[in-house]
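Asks:
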Amino acid sequence: MATTDRGRDRADVREERRVHIRESVVANGFVRAADLAEEFGVSLMTIHRDLDFLQSQGWLRKVRGGATGLPSAQFHGSVAERMATMAQTKHHLARAAAREVVPGQTVLLDDSTTCLRLTRLLTERTPLTVITNSLPAITALAKEPGISLIALGGSYFPAYDAFMGLHTADSVEAFRADVLFMSTTAVTRGRCYHTSPETVQVKRAMMAAATRRVLLADHTKFARDGLYALAPLSDFDLLVVDDGLAPGEVGAIRRGGTDVRVVPRA
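Read in order, the letters of the sequence shown correspond to residues 68 to 333 in the working numbering.
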């Protein structure tokens with residue numbers, strides 16, 4: 068019994084340490100592994116195991132000497148950070164995208180914070196069947212009258228607040244949706260990119276399961292880089308973007324075969 072208690076105590080201490088690490092990364096943008104080892108009185112190897120685990124969950128990105136929470140081609144930033152970024156613009160994008168929804172449709176939603184704003188507008192267009200891997204979207208729609216909700220399972224990624232990976236992608240294949248609403252981390256040279264292979268795996272399955280594909284992306288996404296290629300913009304039927312995107316780029320996207328709806332930022 069004592070051994071079990073000690074094991075549980077060690078697990079609790081480890082979990083508390085990892086929570087502290089990820090909170091420090093969010094608050095400070097960067098933490099040094101050596102400082103963490105000294106603070107907690109553990110070995111550097113233990114801290115690196117913690118950082119490896121937190122990186123696998125999407126909380127941070129390991130760099131030389133420590134870890135960072137700042138967005139990059141390899142790391143998308145925390146959910147809270149993404150919710151706060153371009154918040155008003157995302158609201159306008161969601162409002163414009165909602166006009167694509169027709170009562171009676173089956174709607175597929177990804178886990179993006181932009182599409183989470185769209186979730187709040189779907190109750191105005193019921194009845195609908197909504198399929199999603201986003202836990203906040205599932206929570207928001209679970210008790211809404213007129214919404215038939217299908218939650219996609221799989222491995223839960225806390226940093227994304229969503230279900231991701233192979234099992235989630237396999238779950239998507241069991242369904243067919245009238246329309247998919249999706250966002251992306253970056254658009255470079257006419258192609259969408261993301262920061263994790265698990266995200267790409269699920270979003271590709273979603274694209275294959277939808278008759279119509281709508282991409283919501285604010286103009287800052289077109290100035291970013293990503294690590295894992297998802298799909299070209301030409302694979303989407305409609306891009307909803309704000310007026311911060313250069314007219315020349317809008318024209319090029321339209322010439323590529325994708326319709327573009329430009330909405331004001333304010």
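Glycine included, each C-beta is placed from N, C-alpha and C at the ideal position.
1) From this set, R89, E265, P212, A209, which residue's C-alpha is nearest S222's C-alpha?
2) Helix or strand or just coil, what does DSSP make of V269?
3) In three-state terms, what does DSSP make of V80?
4) I'd like to know if the region 174–186 and the region 196–209 are in contact, where contact means that at least 3 CB-CB pairs between them fall below 8 Å.
5) Quick check on D76: buried or exposed, where buried means 16 or more other Cβ atoms within 10 Å of its Cβ?
6) When the Cβ atoms of the region 117–127 are set against those of the region 267–284, are three or more pairs found closer than 8 Å?
7) Buried or exposed, going by whether 16 or more other CB atoms sit within 10 Å of the CB of R280?
8) Would you decide whether K288 is buried or exposed? Buried here means 16 or more other CB atoms lie within 10 Å of its CB.
9) List the whole-angstrom C-beta distance separating T173 from T193, where the pair is believed to meet the contact cut-off of C-beta under 8 Å.
10) Mark T70 as exposed unless 16 or more other C-beta atoms lie within 10 angstroms of its C-beta, in which case mark it buried.
11) Which of the three DSSP states, helix, strand or coil, is assigned to R347?
12) If you run the structure through DSSP and keep just helix, strand and coil, what is D302?
Replies: This is what the structure holds:
1) Of R89, E265, P212, A209, the residue nearest in Cα terms is E265.
2) For V269, the secondary structure class from DSSP, reduced to helix, strand or coil, is helix.
3) Secondary structure at V80: helix, using DSSP grouped into helix, strand and coil.
4) By the Cβ test, the region 174–186 is in contact with the region 196–209, since at least three Cβ pairs between them sit closer than 8 Å.
5) Exposed: under 16 other Cβ atoms inside 10 Å.
6) Not touching, per the Cβ criterion.
7) Buried, by the Cβ-count rule.
8) K288 should be labelled buried.
9) The pair is not a contact, with the Cβ atoms about 13 Å apart (cut-off 8 Å).
10) Low confidence applies here, because T70 scores a pLDDT of 41, under 50, leaving its location unreliable; read the following figure in that light. Only exposed fits T70, as fewer than 16 other CB atoms lie within 10 angstroms of its CB.
11) Nothing can be reported for residue 347: it is not among the residues displayed for the chain, which extend from 68 to 333.
12) Under the three-state reduction of DSSP output, D302 falls in the helix class.
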